[in-house]
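Read in order, the letters of the sequence shown are residues 1 to 308 in full-length UniProt numbering. We put the beta carbon where it would ideally sit given N, CA and C, even for glycine. Notes to accompany the following structure.
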Amino acid sequence: MLERVLELLGPALTGSEPVVVDANLGLGGHSEALLAAHPSLHLIGIDRDPFAIDFSTRRLSPYADRITLVHASSGDLAEVLARAGRTTINGALFDLGVSSPQLDEAERGFAYSYDAPLDMRMDTDQELTAEQVVNTYSAAELTRILRDYGEERFAPRVAGLIIKERAKEAITSTKRLADIVREAIPAATRRTGGNPAKRTFQALRIEVNAELSALEAALPAALDALALGGRVVVLAYHSLEDRLTKQALTARTRDTSPPGLPVPLPAHQPRFRLLTRGAELPSEEELARNPRAASARLRAAERIRVDD
């Protein structure tokens, strides 16, 4: 949804030296387009994946004097801005979820379509891996993760079979885990809805990378840093991310004046306004070019007031 991202952020980047944070840099495609479209723009790119930082450093080298790339979690956004000496920004982009290289490189262990080590770390320097989660978490912890992060309705069955199978031998490969999940899901359910391991792999990936807690910290930090007229755009790829985004934006666009007052209180007026009606979906043309965009949900907001 590159064109829509550019369209939404563009009006906020018309000043002399605008600043944008790309909180999930990835391969740098959005960042490259923003830098090309706005010659005075300075971009701060954040990613926890060292490969993403290295790749984007090369890709964005023509703009080297206008970029600051940081190997960090998006959850550290406030600290990144503080270290960069930026008290305010004009735009923020969150392109959430897993990147294509992470899915396509079998050894990263994100995909159930490859047989690979159970890894799933976005930051390959961190200790916690999916293998550790699968082989050391209790049945109750696994059930919670599968239910809350994977929205897996058969979470107790999947967790129970994982516990049983790991007692025989440690579960170390994506294929074995996918086979265990398939066995745990009732046959009637397996016939629809795609690969039954999808929800389990999503849940483990979110747990390993603390994705939701990072978003819970990063999005409010970005909103707090936006200057008047500044805009935020969020691309979410599953209902959990989209729900958190909706809640954060709705809270900032609501009048919090006590009910029944004849005149709204200025201090309780919204600081932001929504730029999208609900969540926008990718166009048919986008889906034809990039089938992986099918699950994308876009929301955006603009700061319309600043605190006195």
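When beta bridges are read from the DSSP output, GLU302 appears opposite ARG231, ARG273.
Straight-line measurement puts the Cα of LEU261 at about 45 Å from the Cα of ASN209. For THR172, there is no enclosing beta strand (DSSP E), as DSSP gives it neither H nor E.
Excluding the 5 residues flanking it on each side, ARG59 has same chain C-beta neighbours closer than 8 Å at LEU27, GLY28, GLU32, in chain order. A direct Cα-Cα distance of roughly 15 Å separates ARG277 from ALA296. In this chain, the beta strand (DSSP E) harbouring VAL70 covers 67-71. Secondary structure note for ALA288: its alpha helix (DSSP H) is the uninterrupted segment 284-289. ASP119 and THR14 have their C-alpha atoms spaced approximately 43 Å apart. Taken in chain order, the complete alpha helix (DSSP H) segments of 4 or more residues contained in the segment 115-165 are 130-136, 139-150. Under the DSSP definition of a beta bridge, PHE94 partners with VAL234.
The beta-bridge partner set that DSSP reports for GLY45 consists of ASP22, LEU69.
In the DSSP assignment, the residues bridged to ILE89 are LEU226.
Residue pairing of GLU280 in beta bridges, as defined by DSSP: LEU298. Of the residues MET122, VAL233, GLU241, the one whose Cα lies closest to the Cα of LEU8 is VAL233. Under the three-pair Cβ rule at 8 Å, the segment 80-93 counts as touching the segment 216-229. A buried status is given to PRO196, since no fewer than 16 other beta-carbon atoms sit within 10 Å of its beta-carbon.
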